[in-house]
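Novice: According to my numbering, the sequence shown holds residues 5 to 389 in order.
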Amino acid sequence: MFVLASSLPSHAKPPIKVGVLLPFVGPTAQLGDGNSKGIRLAFEKRGFKVADREIELIVEDSKGDPNTALLKVKKLIERDKVHVLVGVILSSVAYAIRDTVVSAEIPWVITIANSSGLTREKGSPYIFRTHQPDGAATYYLAKYAYEKLGSRKAVFSGLDYAYGHENAEAFLKGFKEAGGEVLKDIFIPLGTKDYGPYMTSIAQFVGKADTLAFVYSGSDAVKFVVGLQEYGLKNKFSTFVDWSATNPGSMLEGEGEAAVGIYEAVFHYQGLDTPENKEFLKLVKEKLGPFDINYAFGYIGGDVIYRALEQVRGNVEDKPGFLKALRSLRFDSIMGPFEWDAKGQNYLFNIYIVRTEKVGGKIEQPLKELMPKKRDPWWIEQSRK
5 MFVLASSLPS HAKPPIKVGV LLPFVGPTAQ LGDGNSKGIR LAFEKRGFKV
55 ADREIELIVE DSKGDPNTAL LKVKKLIERD KVHVLVGVIL SSVAYAIRDT
105 VVSAEIPWVI TIANSSGLTR EKGSPYIFRT HQPDGAATYY LAKYAYEKLG
155 SRKAVFSGLD YAYGHENAEA FLKGFKEAGG EVLKDIFIPL GTKDYGPYMT
205 SIAQFVGKAD TLAFVYSGSD AVKFVVGLQE YGLKNKFSTF VDWSATNPGS
255 MLEGEGEAAV GIYEAVFHYQ GLDTPENKEF LKLVKEKLGP FDINYAFGYI
305 GGDVIYRALE QVRGNVEDKP GFLKALRSLR FDSIMGPFEW DAKGQNYLFN
355 IYIVRTEKVG GKIEQPLKEL MPKKRDPWWI EQSRK
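The structure is reproduced here in structure tokens:
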């Protein structure tokens with residue numbers, strides 16, 4: 005039902021418009037769907053209202069395509085007049101819309117897109133990320149593999165676009181600093197159907213490398229992990245480590261036993277015993293059903309936007325005040341203590357190292373290591389210069 009403007013009380017303010025840009029088709033569709041549901045859950049929990057002002061989510065499908073995304077974000081900004089933007093999955097999409105969003109001075113909370121430059125060289129007062137820049141977690145995972153798992157020589161595999169390449173560089177840096185050697189990077193195009201040739205390339209390093217490190221997402225992650233088992237590679241390397249490829253939910257469900265034995269770095273750990281995380285998991289069970297980690301990635305993006313809106317009592321038109329409120333956020337989140345890195349405006353994240361195991365017939369991911377409040381290593385280097 006539509007409400008005519010004339011029927012609204014004279015003092016009523018128009019709704020706060022939050023633009024949501026995510027992919028709902030293609031290999032990252034499940035990530036977009038999960039993020040969308042998580043974002044919505046954060047606002048639904050508060051009744052889509054702050055300080056007696058309605059909150060309206062305007063959702064657009066980027067289709068995982070930079071050109072489509074640019075058209076959609078222009079529509080959100082110019083026609084819909086959104087006050088804030090949230091979402092984006094692919095790095096290529098994030099880079100494509102960056103200048104348009106910043107030029108329009110729209111506060112943007114990125115929920116996944118790891119495009120490192122967005123919070124480094126191409127950073128902006130308007131760009132925030134409740135995730136990590138490409139390679140930050142992978143950098144620390146590489147050190148963990150060397151120092152705790154005994155890895156010495158590795159092969160790296162990832163998707164053949166900015167996401168995969170930036171993570172490859174980060175893994176190489178962290179592994180080399182620790183004392184290890186990366187023998188080869190093997191990249192696979194997004195949406196590849198036949199992984200056979202790439203599995204053959206990885207097989208060439210059996211007996212030469214002790215570790216296979218990889219970074220995948222969405223349906224590509226499922227195809228890669230299942231492919232390792234189908235081609236008999238799971239017992240050919242002593243150590244398997246990944247970022248983003250064995251996340252709990254649709255990906256891990258699709259991989260099943262093929263994921264057993266793989267170590268992964270994650271930001272949200274289901275076993276985190278805090279009131280905030282318990283409440284979130286309860287909401288997910290009640291509203292969404294079986295857990296998917298993408299619900300967490302979306303939820304925390306919506307959560308920080310709501311908390312900042314709450315601080316300015318819904319006055320999102322006060323852009324300096326809203327940005328100040330965003331930057332000042334400190335709270336206990338579903339992922340642990342939340343605060344921004346003042347330089348890059350990335351979340352200072354906990355890294356939880358888990359290992360996929362089969363326990364009592366069920367696939368579980370018990371915690372092996374907690375690395376608290378890690379910072380983007382790029383900014384650590386900059387501070388030393």
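Just so you know, even glycine gets a beta-carbon here, dropped at the ideal spot from N, CA and C. What you are looking at is a predicted structure, and each value in this text was computed from that prediction instead of being measured.
How about residue 206 and residue 161: are their beta carbons less than 8 Å apart?
Specialist: The answer is yes: Cβ separation under 8 Å.
Novice: Return the bridge partner residues of residue 112 from the DSSP annotation.
Specialist: 89, 131
Novice: Alpha carbon to alpha carbon, what distance is there between residue 254 and residue 224?
Specialist: 12 Å
Novice: I'd like to check one pair, residue 17 with residue 60: are the Cβ atoms closer than 8 Å?
Specialist: no
Novice: Quick one: Cα of residue 63 to Cα of residue 36, how far?
Specialist: In a straight line, the C-alpha of residue 63 is about 11 Å away from that of residue 36.
Novice: Based on Cα-Cα distance, which residue from 47, 26, 40 lies nearest to residue 74?
Specialist: 26
Novice: Whole angstroms is fine: what's the gap from residue 241's alpha carbon to residue 232's?
Specialist: 11 Å
Novice: Using 8 Å as the cut-off, can you tell me whether the segment 115-122 makes contact with the segment 83-98, which would need three or more C-beta pairs spanning the two stretches below that distance?
Specialist: yes
Novice: Do you know how far the Cα of residue 308 is from the Cα of residue 341?
Specialist: 13 Å
Novice: Would you check if the distance between the CB atom of residue 310 and the CB atom of residue 132 is smaller than 8 Å?
Specialist: no
Novice: Taking the Cβ atom as the reference point for each residue, do residue 38 and residue 302 lie within a distance shorter than 8 Å?
Specialist: yes
Novice: Are at least three pairs of beta-carbons, each pair with one atom in the segment 264-276 and one in the segment 361-379, less than 8 Å apart?
Specialist: yes
Novice: Can you tell me whether residue 171 is helix, strand or coil according to DSSP?
Specialist: helix
Novice: What does the alpha-carbon distance come out to for the pair residue 377 and residue 334?
Specialist: Note on geometry: alpha-carbon atoms of residue 377 and residue 334 lie some 13 Å from one another.
Novice: What does the alpha-carbon distance come out to for the pair residue 228 and residue 288?
Specialist: 28 Å
Novice: Per the DSSP calculation, residue 409 is bridged to which residue(s)?
Specialist: An answer regarding residue 409 cannot be provided, because it is not within the stretch 5 to 389 covered by the chain.
Novice: May I ask you to check if the CB of residue 73 is nearer than 7 Å to at least one heavy atom of the ligand SAM?
Specialist: In the structure on display, the ligand SAM does not appear, and there are no ligands present to speak of.
Novice: Have a look at residue 312 and residue 180 and give me their C-alpha separation to the nearest angstrom.
Specialist: 40 Å
Novice: The beta strand (DSSP E) with residue 351 in it runs from where to where?
Specialist: Where residue 351 is concerned, there is no enclosing beta strand (DSSP E), given that its DSSP letter is neither H nor E.
Novice: Are residue 159 and residue 209 touching if we call contact CB-CB under 8 Å?
Specialist: yes
Novice: What is the rounded straight-line gap between the Cα of residue 134 and the Cα of residue 305?
Specialist: 6 Å
Novice: Between residue 326 and the rest of its own chain, which residues show a CB-CB distance below 7 Å, the 5 nearest in sequence each way excluded?
Specialist: 111, 312, 316, 320
Novice: For residue 376, which of helix, strand or coil comes out of DSSP?
Specialist: In this structure, DSSP gives residue 376 an extended state, which the three-state scheme calls strand.
Novice: Taking all protein chains shown into account, do 16 or more other C-beta atoms lie within 10 angstroms of the C-beta of residue 44, making it buried, or fewer, making it exposed?
Specialist: buried
Novice: Helix, strand or coil for residue 185? Go by DSSP, reduced to three states.
Specialist: strand
Novice: Are the beta-carbon atoms of residue 331 and residue 352 separated by less than 8 Å?
Specialist: no
Novice: Look at the alpha carbon of residue 348 and the alpha carbon of residue 383, and state the distance between them as a whole number of angstroms.
Specialist: The C-alpha of residue 383 is placed about 8 Å away from the C-alpha of residue 348.
Novice: Would the beta-carbon of residue 66 fall within 8 Å of that of residue 76?
Specialist: yes
Novice: So, at 6 Å on beta carbons, what are the nonlocal neighbours of residue 314 in its own chain, with the 5 sequence-adjacent residues on each side left out?
Specialist: 54
Novice: Below 8 Å between beta carbons: does that hold for residue 285 and residue 295?
Specialist: yes
Novice: Suppose contacts are defined by Cβ-Cβ distances below 8 Å. Is residue 262 in contact with residue 219 by that definition?
Specialist: no
Novice: Could you name the residues of the same chain whose beta carbon sits closer than 7 Å to that of residue 177, not counting the 5 residues immediately before and after it, in chain order?
Specialist: Closer than 7 Å at Cβ, skipping near neighbours: 143.
Novice: Identify, in the order they occur along the chain, each residue of the same chain with its Cβ nearer than 7 Å to the Cβ of residue 276, setting aside the five sequence neighbours on each side.
Specialist: 340
Novice: Under 6 Å Cβ to Cβ from residue 204, same chain only, skipping five residues before and after it: list those, please.
Specialist: Nothing meets the Cβ criterion.
Novice: Check whether the Cβ atoms of residue 149 and residue 217 lie closer than 8 Å to each other.
Specialist: Taking 8 Å as the Cβ cut-off, residue 149 and residue 217 qualify as a contacting pair.
Novice: If the criterion is Cβ atoms closer than 8 Å, does the pair residue 41 and residue 292 meet it?
Specialist: yes
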